[in-house]
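The block underneath contains the structure these notes are about, expressed in structure tokens.
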Amino acid sequence: MADHDVLVIGAGFAGMYQLHLLRQRGFDVVVIEAGDDVGGTWFWNRYPGARCDIESIEYSYSFDVDLEQEWTWTERYAAQPELLRYARHVADRFDLRRDIVFGTRVEALDWDEVARHWTVSTSDGTTRTASYVVAATGCLSVPSRPGIVGLDDFGGELYWTSSWPDGVDLAGKRVGVIGTGSSGLQTITAIAPAVGSLTVFQRTACYAVPAHNGPVADLLPTVKADYPARRAVSRMTPSGYQCPVETTSLSEIPASETSAALDKRWDVGGLCFTDTFDDVLIDPAANERVSAYVRERIRAKVEDPAVAEKLLPTFPIATKRLCVDTGYYEVYNQDNVTLVDITEEPIERVTARGIRAGGAEHELDLIIMATGFDAMTGALDAMEVRNADRTLRAKWEHGPRTYLGLMSAGFPNLFTICGPQSPSVLSNVITSLEYHVVWITDALTSLRDRGLSRIEPLTENEDNWVQANNDLADLTLMPQAASWYMGANIPGKQRVFMPFVGGVGMYKQIADGVAAAGYYGFELS
Ligand code: N01
Numbered sequence: 000m001a002d003h004d005v006l007v008i009g010a011g012f013a014g015m016y017q018l019h020l021l022r023q024r025g026f027d028v029v030v031i032e033a034g035d036d037v038g039g040t041w042f043w044n045r046y047p048g049a050r051c052d053i054e055s056i057e058y059s060y061s062f063d064v065d066l067e068q069e070w071t072w073t074e075r076y077a078a079q080p081e082l083l084r085y086a087r088h089v090a091d092r093f094d095l096r097r098d099i100v101f102g103t104r105v106e107a108l109d110w111d112e113v114a115r116h117w118t119v120s121t122s123d124g125t126t127r128t129a130s131y132v133v134a135a136t137g138c139l140s141v142p143s144r145p146g147i148v149g150l151d152d153f154g155g156e157l158y159w160t161s162s163w164p165d166g167v168d169l170a171g172k173r174v175g176v177i178g179t180g181s182s183g184l185q186t187i188t189a190i191a192p193a194v195g196s197l198t199v200f201q202r203t204a205c206y207a208v209p210a211h212n213g214p215v216a217d218l219l220p221t222v223k224a225d226y227p228a229r230r231a232v233s234r235m236t237p238s239g240y241q242c243p244v245e246t247t248s249l250s251e252i253p254a255s256e257t258s259a260a261l262d263k264r265w266d267v268g269g270l271c272f273t274d275t276f277d278d279v280l281i282d283p284a285a286n287e288r289v290s291a292y293v294r295e296r297i298r299a300k301v302e303d304p305a306v307a308e309k310l311l312p313t314f315p316i317a318t319k320r321l322c323v324d325t326g327y328y329e330v331y332n333q334d335n336v337t338l339v340d341i342t343e344e345p346i347e348r349v350t351a352r353g354i355r356a357g358g359a360e361h362e363l364d365l366i367i368m369a370t371g372f373d374a375m376t377g378a379l380d381a382m383e384v385r386n387a388d389r390t391l392r393a394k395w396e397h398g399p400r401t402y403l404g405l406m407s408a409g410f411p412n413l414f415t416i417c418g419p420q421s422p423s424v425l426s427n428v429i430t431s432l433e434y435h436v437v438w439i440t441d442a443l444t445s446l447r448d449r450g451l452s453r454i455e456p457l458t459e460n461e462d463n464w465v466q467a468n469n470d471l472a473d474l475t476l477m478p479q480a481a482s483w484y485m486g487a488n489i490p491g492k493q494r495v496f497m498p499f500v501g502g503v504g505m506y507k508q509i510a511d512g513v514a515a516a517g518y519y520g521f522e523l524s
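Residue 67 in numbering that gives the first Met the number 0 sits at position 68 of the sequence shown; the count goes up by one each step and never skips.
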């Protein structure tokens, strides 16, 4: 008899809901969380300007009608403090904390085939057994720590956006930021008014579209009046959220009307800018039309043409995660801001006094690392996941292999929420994680009801799913960019497109069908 029916790893948005739903179904559950509180991403990423790029009316739980009605978002795009308050509110509201062990990291999972349970070893030196394990470990939770020479020699302050401490004083300081993805952009935009000087070290220019953030109060009554229907529609969309503009093919819009179509979407802002063209990730000509439009917008915002040129991205738009900005490009019009293109002036090393790049030393009081994450597989790779002499890390050496992004053959009774080869990071992750939580809970309930205790995908079905994922990705432009979707930001990591590109609605239809067919492609015993 195992200590617990289910052990959940992580108390972010996925782990919290998983605990709640399993408890409701009468399972005994424990959650192990590395942080000191709930919230996951929104617990750790407290850097200045941290904000969600999905609108708050969509990026919120749908599982509880009262919660949905009673919680009041203040902004169209919620900032990190509000999201963390929301996570804490949910933990209190559903009395979740009593089953969460905080400040403890899962280090190893060992499958016992005879006992049919996992033995879970944690950083506090204890072990627990559980019949099932659910890894709610997040897709972007393990920071990438690039081996830039001399980081340890720096005499000033050094911070990572992914583990930002409280109480950092930036006022008047000479600050350097490495990295210009979503985290870097938000940090740069937020701190530029306060710092003495700001030097941005850019390796790849990104595409950023305006958020048009603002109060959301006017919208809330209409949304709340219709929430269940709205959520049902969102669950069938490709991205797991809706846009206030119709989706169309850019290639079908007459040439004389394309500028107006792009302007309209620019005025809406956010990820809908590209999401509402269904050919932008398939048709190179359509993609280039949209990419060129954003490049023109960047040129118009940045006063110094030489700086603007460095800020122009060259890869096909949306093949790396689009950034959503609140005045990013305008920062470069400030006299105290310098852009260093490290493809022209490579970082040689960090010194005691700053960063030496292209032969010049940039003297700094403080360095901010916004260099991203070992995405999608990083958190699973960080644990020893063993079944006899096999490890998950070794199995995934040439890229993750899963069935539906939910399980991996050879590792029974271990589920991943928003795992590789599921829509996860290409979607509103709340929509996707809620779907997985329900799917997993239904599967465990079905096993229990039938007196069964083991579930594992069949290798053939897993192989087919991996192949389908790769084939679908190859139909798009997505694999063309050196993105974290491809694992390209981690030296030595296998380059393979990791998320499922078919969209949330299509994924739901497939995974619903698998369950309805008695868990087709899984072996149950
Ligand atoms: O990470 P990133 P992020 N030397 O990987 C650069 C979500 N998110 O934390 O592009 C110099 O995008 C790297 O350069 P390159 C969102 O899904 C959401 O910003 O690899 N530079 C890149 O510029 C997002 O996509 C929100 O050439 C180095 C940057 O560092 C995801 O998290 C907010 C380097 C890393 O960008 C990740 O975003 C924040 C090196 N050695 C995050 N190594 C919102 O909701 C890397 N870089 C808005």
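We treat Cβ as the ideally placed atom computed from N, Cα and C, and that holds for glycine.
* If G404 sits next to F272, beta carbons under 8 Å apart, how far is it from one beta carbon to the other, in whole angstroms? -> To locate residue 404, count along the sequence shown from 1; it is residue 405. To locate residue 272, count along the sequence shown from 1; it is residue 273. No, G404 and F272 are not in contact; Cβ-Cβ is about 27 Å, not under 8 Å.
* **Runs of alpha helix (DSSP H) wholly within the stretch 49–137 (minimum 4 residues, chain order)** => If we require 4 residues or more, the alpha helix (DSSP H) runs fully inside the stretch 49–137 come out as 64–69 and 79–92.
* Going by the CB atoms, is the gap between A49 and Q185 shorter than 8 Å? -> As a working mapping, residue 185 is identified with position 186 in the sequence shown. As a working mapping, residue 49 is identified with position 50 in the sequence shown. Taking 8 Å as the Cβ cut-off, Q185 and A49 qualify as a contacting pair.
* For W159, which residues does DSSP report across the bridge? -> The residue given as residue 159 occupies position 160 in the sequence shown. Answer by DSSP bridge pairing, in chain order: M368.
* Under the assumption that G239 contacts P419 (Cβ atoms under 8 Å), give the Cβ distance between them as a whole number of angstroms. => The residue labelled residue 239 in the question sits at position 240 within the sequence shown. The residue labelled residue 419 in the question sits at position 420 within the sequence shown. Not really, about 17 Å apart at Cβ, beyond 8 Å.
* To do: Would you be able to state if there are at least three C-beta pairs under 8 Å between the stretch 88–97 and the stretch 268–287?
  => no
* CB-CB under 6 Å to G526, same chain, minus the five flanking residues each way: which ones, in chain order? -> Limits of the chain in this structure are 0 at one end and 524 at the other, which puts residue 526 out of reach.
* Asked: Per DSSP, what kind of secondary structure is F499 in: helix, strand or coil?
  -> Taking the first residue of the sequence shown as 1, we reach residue 499 at position 500. The answer is coil: DSSP assigns F499 none of H, G, I, E or B.
* Return yes when at least one heavy atom of ligand 1 lies under 7 Å from the C-beta of Y438, else no. => Your numbering for residue 438 matches position 439 in the sequence shown. According to the sequence provided, residue 438 is Trp. The question's Tyr does not apply to it. W438 Cβ: outside cutoff for every heavy atom of ligand 1.
* Asked: D340 by DSSP, collapsed to three states: which one?
  -> Working through the sequence shown from its first residue, we reach residue 340 at position 341. Of the three classes helix, strand and coil, the one that applies to D340 here is strand, per DSSP.
* **Where the alpha helix (DSSP H) through T440 begins and ends** => Position 441 of the sequence shown, counted from the first residue, corresponds to residue 440. Where T440 is concerned, the enclosing alpha helix (DSSP H) stretches over V428 to D448.
* Give the DSSP-derived three-state secondary structure of M382 in the structure shown. => Walking along the sequence shown from the start, residue 382 turns up at place 383. If DSSP states are grouped into helix, strand and coil, M382 belongs with coil.
* Where does Q508 sit, in a helix, a strand or coil, going by DSSP? -> Locating residue 508 in the sequence shown gives position 509, where the first residue counts as 1. Three-state DSSP puts Q508 in a helix.
* Return yes when the C-beta of D151 is under 7 Å from any heavy atom of ligand 2, and no when it is not. => Looking at this structure, you won't find ligand 2 anywhere; what it does contain is ligand 1.
* If we count Cβ pairs, one from each stretch, closer than 8 Å, do we get three or more for the stretch 383–403 versus the stretch 201–213? -> no
* Below 8 Å on the Cβ atoms is my guess for T415 versus A134; work out the distance and round it to an integer in Å. => As a working mapping, residue 415 is identified with position 416 in the sequence shown. As a working mapping, residue 134 is identified with position 135 in the sequence shown. Between A134 and T415 the Cβ distance is about 5 Å, and since that is below 8 Å, they are a contact.
* **Spatially closest choice to D197 from G178, L219, A204 and R173, by CA coordinates** => Start at 1 with the first residue of the sequence shown, and residue 197 comes out as number 198. For the sequence presented, residue 197 should be read as Leu rather than Asp. Checking every option, the nearest Cα to that of L197 belongs to R173.
* Asked: Which residues does DSSP pair with F521 in a beta bridge?
  -> Along the sequence shown, one-based indexing puts residue 521 at 522. According to DSSP, which records beta bridges pairwise, F521 is partnered with P456.
* Asked: H435 to V222, Cα distance in whole Å?
  -> Start at 1 with the first residue of the sequence shown, and residue 435 comes out as number 436. Start at 1 with the first residue of the sequence shown, and residue 222 comes out as number 223. One C-alpha to the other measures close to 24 Å.
* To do: Report all residues from its chain with a CB closer than 6 Å to the CB of S452; omit the five preceding and five following residues, and keep chain order.
  => Position 453 of the sequence shown, counted from the start, is the residue given in the question as residue 452. For S452, where only same-chain residues beyond five positions count, the Cβ hits under 6 Å are R115.
* In chain order, what residues of the same chain lie with their CB nearer than 6 Å to the CB of L219, ignoring the 5 residues before and after it? -> As a first step, residue 219 is located in the sequence shown; it is residue number 220 there, counting from the start. Excluding sequence neighbours, L219 sits near nothing in its chain.
* Tell me which same chain residues have a C-beta within less than 7 Å of the C-beta of D111, skipping the five on either side of it? -> Residue numbering aside, residue 111 sits at position 112 when the sequence shown is read from its first letter. Only T118 meet the Cβ criterion.
* Asked: In the structure shown, what three-state DSSP assignment does L218 receive?
  -> Within the sequence shown, residue 218 is the residue found at index 219, counting from 1. The answer is coil: DSSP assigns L218 none of H, G, I, E or B.
* Kindly indicate if chain D contains any beta-carbon less than 8 Å away from that of D2. => No chain D is present in this structure, which holds just one protein chain.
* Could you tell me the boundaries of the alpha helix (DSSP H) in which D262 lies? => As a working mapping, residue 262 is identified with position 263 in the sequence shown. That run of the alpha helix (DSSP H) goes A254 to V267.
* Run the CB neighbour count on I509, radius 10 Å, all protein chains shown included, and call it buried at 16 or more, exposed below. => Position 510 of the sequence shown, counting from 1, holds the residue named residue 509. By the neighbour-count rule (16 or more Cβ atoms within 10 Å), I509 is not buried but exposed.
* Asked: Is it true that the CB of L108 sits closer than 8 Å to the CB of D382?
  -> If you number the sequence shown from 1, residue 382 lands on position 383. If you number the sequence shown from 1, residue 108 lands on position 109. Checking the displayed sequence, the identity of residue 382 turns out to be Met instead of Asp. Yes, the pair counts as a contact, with Cβ atoms nearer than the cut-off.
* C-beta contact flag for L457 and G520 at 8 Å -> In the sequence shown, the residue the question calls residue 457 occupies position 458. In the sequence shown, the residue the question calls residue 520 occupies position 521. For L457 and G520, yes; Cβs fall inside 8 Å.
* Asked: If you run the structure through DSSP and keep just helix, strand and coil, what is S423?
  -> Position 424 of the sequence shown, counted from the first residue, corresponds to residue 423. Correct three-state label for S423: helix.
* **Range of the contiguous beta strand (DSSP E) that encloses A359** => The count along the sequence shown starts at 1 and reaches residue 359 at position 360. Segment A359 to E362, the beta strand (DSSP E) holding A359.
* To do: Look at the alpha carbon of E295 and the alpha carbon of W438, and state the distance between them as a whole number of angstroms.
  => As a working mapping, residue 295 is identified with position 296 in the sequence shown. As a working mapping, residue 438 is identified with position 439 in the sequence shown. Whole-angstrom Cα-Cα distance: 45 Å.
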